[in-house]
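**Student:** Structure provided below as structure tokens; questions to follow.
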Amino acid sequence: MPLSLLGDESGQLEAPANSLKVGGNTDVRELANSVVRACAAGDPPALLTIGNQSVNQAVKGIAVACAELSTNDLIFQPAFRHANRTKPLIAFYLSRSRGASAFSVRSPEGADAVELTATKDQKIVPLAGAISNKVRENRRVYVLGIGADAVTNAILGIGNARLFLENDRLDIKILPEFVKIMKMGHEMNALRLNIIPERI
């Protein structure tokens, strides 16, 4: 999958033919249903996002499709839609992958993964460096995010990590899932982005 999806000289963003636009107010379950229908037809879509809320809805929609609609082998790769790789203009390329569920928190292997946490004030480059270093070390790793800003920073970090790994002939795909974590004595919902490495 491409690392970036940049516009032409006119500044217009190119969109894949099977793309779905995701807004900040897009209904997550409706998005998940659209994703599953497209996958059932053998044509996993690309999700186009602009802004933190839009990115968050896209990731949640994919996670719902994975968890509730019997597509736990559904994974994605983020690609940048802007030359500035800290801007939340992201295309999510979806695909199916046998064995992806082995990276889930519900699997014995996934439960032993290294945890990285993205925050709403996260610096993108250090997070990308941490992700890429763990992948180079052949360590299982995932990124946790709570809230739209943190999830977006996690995605931006993952997107940059893909670029950092390019010279190593490595790439990564993501299996998203909902998890509950304890924070300041309270149980909270979080998105866990499981990193699936591959050699290219």
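Numbering (the UniProt record's numbering), first residue to last: 1 to 200. Where is the CB? At the ideal position from N, CA and C, for every residue including glycine. Since the model is a prediction, treat every value here as computed from it, not as a measurement.
Looking at Val28: is its Cβ nearer than 8 Å to the Cβ of Ser54?
**Tutor:** Against the sequence shown, residue 28 aligns to sequence position 28. Against the sequence shown, residue 54 aligns to sequence position 54. No, they are not a contact pair.
**Student:** Determine the direct distance from the alpha carbon of Ala17 to that of Pro108, and round the result to whole angstroms.
**Tutor:** Here the question's residue 108 lines up with position 108 in the sequence shown. Here the question's residue 17 lines up with position 17 in the sequence shown. Residue placement at Pro108 cannot be trusted, given a pLDDT of 49 that sits under 50; the coordinates are not used to answer.
**Student:** Are the CB atoms of Asp168 and Arg162 within a distance shorter than 8 Å?
**Tutor:** Looking up residue 162 in the sequence shown gives position 162. Looking up residue 168 in the sequence shown gives position 168. No, the Cβ-Cβ distance between Arg162 and Asp168 is not below 8 Å.
**Student:** Could you tell me if Gly42 is buried or exposed, where buried requires 16 or more neighbouring beta carbons within 10 angstroms of its beta carbon?
**Tutor:** Locating residue 42 in the sequence shown gives position 42, counting from the first residue. Looking at its Cβ environment, which holds fewer than 16 other Cβ atoms inside 10 Å, Gly42 is exposed.
**Student:** Go ahead and pull the three-state DSSP assignment for Gln122.
**Tutor:** For the purposes of this step, residue 122 is taken as residue 122 along the sequence shown, with counting starting at 1. Here Gln122 sits in coil by DSSP.
**Student:** So what's Pro108 in DSSP terms, helix, strand or just coil?
**Tutor:** Counting from one through the sequence shown, the residue named residue 108 turns up at place 108. Here Pro108 scores only 49 on pLDDT, less than 50, and its place in the model is too uncertain to base an answer on.
**Student:** Taking its Cβ as the centre, do 16 or more other Cβ atoms sit within 10 Å of Asn194, making it buried, or is it exposed?
**Tutor:** In the sequence shown, counting from the first residue as 1, residue 194 sits at position 194. Burial call: buried.
**Student:** Is the segment 175-192 touching the segment 142-150 in the sense that three or more CB pairs, one from each, lie closer than 8 Å?
**Tutor:** The answer is yes - the segment 175-192 touches the segment 142-150, with three or more Cβ pairs under 8 Å.
**Student:** Compare the beta carbon distance of Ile131 and Pro78 with 8 Å and say whether it is the shorter of the two.
**Tutor:** Locating residue 131 in the sequence shown gives position 131, where the first residue counts as 1. Locating residue 78 in the sequence shown gives position 78, where the first residue counts as 1. Cβ distance not < 8 Å, so Ile131 and Pro78 don't count as in contact.
**Student:** Our contact map puts Asn153 next to Ala118 with C-beta atoms below 8 Å; I'd like the distance itself, whole angstroms only.
**Tutor:** By one-based count along the sequence shown, residue 153 stands at place 153. By one-based count along the sequence shown, residue 118 stands at place 118. 5 Å between Cβ atoms; contact.
**Student:** Taking Cβ to Cβ, would you say Ile200 is nearer than 8 Å to Ile75?
**Tutor:** Taking the sequence shown and counting its residues from 1, one reaches residue 200 at position 200. Taking the sequence shown and counting its residues from 1, one reaches residue 75 at position 75. No, these two residues do not count as a Cβ contact at 8 Å.
**Student:** DSSP state of Thr86, grouped into three classes?
**Tutor:** In the sequence shown, counting from the first residue as 1, residue 86 sits at position 86. In the structure shown, Thr86 sits in coil (DSSP, three-state: anything other than H, G, I, E or B).
**Student:** With a CB to CB cut of under 6 Å and the five nearest residues on each side skipped, what residues in its chain are close to Ala63?
**Tutor:** As a working note, residue 63 is residue 63 in the sequence shown. The answer, listed in chain order, is Pro176, Glu177, Phe178.
**Student:** Excluding sequence positions up to five away, which residues of its chain have a Cβ less than 8 Å from the Cβ of Lys180?
**Tutor:** Numbered from 1 along the sequence shown, position 180 holds the residue referred to as residue 180. Answer for Lys180: Glu187, Met188, Asn189, Ala190, listed in chain order.
**Student:** Please go through the same chain and pick out, in chain order, the residues whose beta-carbon is closer than 6 Å to the beta-carbon of Glu198, but skip the five residues on each side of it.
**Tutor:** Residue mapping note: residue 198 aligns to position 198 of the sequence shown, counting from 1. Closer than 6 Å at Cβ, skipping near neighbours: Asp171.
**Student:** Could you give the residue range of the beta strand (DSSP E) that holds residue 208?
**Tutor:** Outside the displayed range of the chain (1 to 200) lies residue 208, so it cannot be described from this structure.
**Student:** Within 10 Å of its beta-carbon, does Asp81 have 16 or more other beta-carbons around it, so buried, or fewer, so exposed?
**Tutor:** For this step, residue 81 is matched to residue 81 along the sequence shown. One detail in the question is off: residue 81 reads as Arg in this sequence, not Asp. Buried, because 16 or more other Cβ atoms sit within 10 Å of the Cβ of Arg81.
**Student:** Counting only runs of 4+ residues fully inside the segment 21-78, write out the alpha helix (DSSP H) ranges in chain order.
**Tutor:** Qualifying alpha helix (DSSP H) stretches, in chain order: 28-40, 52-68.
**Student:** For Gly61, does the count of other Cβ atoms within 10 angstroms reach 16, so buried, or fall short, so exposed?
**Tutor:** Position 61 of the sequence shown holds residue 61. It counts as buried.
**Student:** Kindly provide the ranges of any beta strand (DSSP E) runs that are 3 or more residues long and lie completely inside the segment 127-159, ordered along the chain.
**Tutor:** Those beta strand (DSSP E) runs which fall completely within the segment 127-159 and span 3+ residues are 141-145.
**Student:** Any idea what DSSP makes of Asn167, helix, strand or coil?
**Tutor:** Working through the sequence shown from its first residue, we reach residue 167 at position 167. Three-state result, Asn167: helix.
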